[in-house]
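Accompanying notes for the structure given below.
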Amino acid sequence: MASESVVKPNYSAIWFFLRRYKSLFGVTLAMTLAASVLESISVLAFFPLFSSVLGGSDNTTDGILALVNDAAGWLPISSPILAASVLLIGVLLFKVLFNLSRDGLIAYTNGKVLYGVKKQVLERYAGADY
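If you want this note's numbering, it's the position in the sequence shown, counting the first as 1, plus 6.
Set out below in structure tokens:
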């Protein structure tokens, strides 16, 4: 029986781009991870609203839910429903603005990499022997 060689994937093209634009890709990765954390926080921001509308007691929650529930109380608004709504709107607005800036950075990175590659290819064609 003939020995089968295992074909290993070649990542040289990926490493080529990552080395040249590592700062842009690093910031994009960090912003993507932060955006995923913001998604979780935006889900948590619904808890104070539901808690105040449904009449949940404050001393039954523990941990992060108690912290988020107390965050609505830090706002200088006397109505708990209004304070929870303002907190929810603020968190969702921040998340939307952050995701918009992340998408802008992704578009900028895409344009920068694409322009650099096209420029390099055209320079090689211009310097090639015909």
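Heads up, the beta-carbon is just placed ideally off N, CA and C, and yes, glycines get one too. From a predicted model like this one, the values you see are computed outputs, not experimental measurements.
Between the alpha carbons of N105 and D135, how many angstroms are there, rounded?
Their backbone Cα atoms lie some 47 angstroms apart in a straight line.
Quick one: measure Cβ to Cβ for A51 and V97, integer angstroms, because I've assumed they're closer than 8 angstroms.
That belief holds up - the Cβ atoms of A51 and V97 are roughly 4 angstroms apart, short of 8 angstroms.
Taking the alpha-carbon of T115 as reference, which of F23, I83, F56, L93 has the nearest alpha-carbon?
Measuring from the Cα of T115, the nearest candidate turns out to be F23.
Got a sec: does the ligand FMN put a non-hydrogen atom nearer than 7 angstroms to the Cβ of T34?
Summarising the ligand content, the structure contains no ligands, and the ligand FMN is consequently not present.
Between K14, F31, R25, which has its C-alpha nearest A113's C-alpha?
Nearest of K14, F31, R25 to A113, Cα basis: F31.
Does the structure place the segment 66–80 close enough to the segment 34–54 that three or more beta carbon pairs sit under 8 angstroms?
Enough Cβ pairs lie closer than 8 angstroms, so yes.
If I measure Cβ to Cβ from S48 and keep anything under 7 angstroms in the same chain, skipping five residues before and after, which residues do I get?
For S48, where only same-chain residues beyond five positions count, the Cβ hits under 7 angstroms are V97, L98, K101.
So, helix, strand or coil for A72, using DSSP?
A72 falls in the helix class under three-state DSSP.
So, under 8 angstroms CB-CB, A41 and R130 are touching, yes? Tell me the CB distance rounded to an integer number of Å.
Not a contact, Cβ separation roughly 37 angstroms.
Flag this pair as yes or no: are the beta carbons of L120 and V33 separated by less than 8 angstroms?
No; because the gap between Cβ atoms is not below 8 angstroms, this pair is not in contact.
How big is the Cα-Cα spacing for L128 and I70?
So the alpha carbons of these two residues sit roughly 55 angstroms apart.
Just to confirm, is the Cβ distance from S58 to I87 under 8 angstroms?
Contact: yes.
Taking all protein chains shown into account, decide if A90 is buried (16 or more other Cβ within 10 angstroms of its Cβ) or exposed.
Looking at its Cβ environment, which holds 16 or more other Cβ atoms inside 10 Å, A90 is buried.
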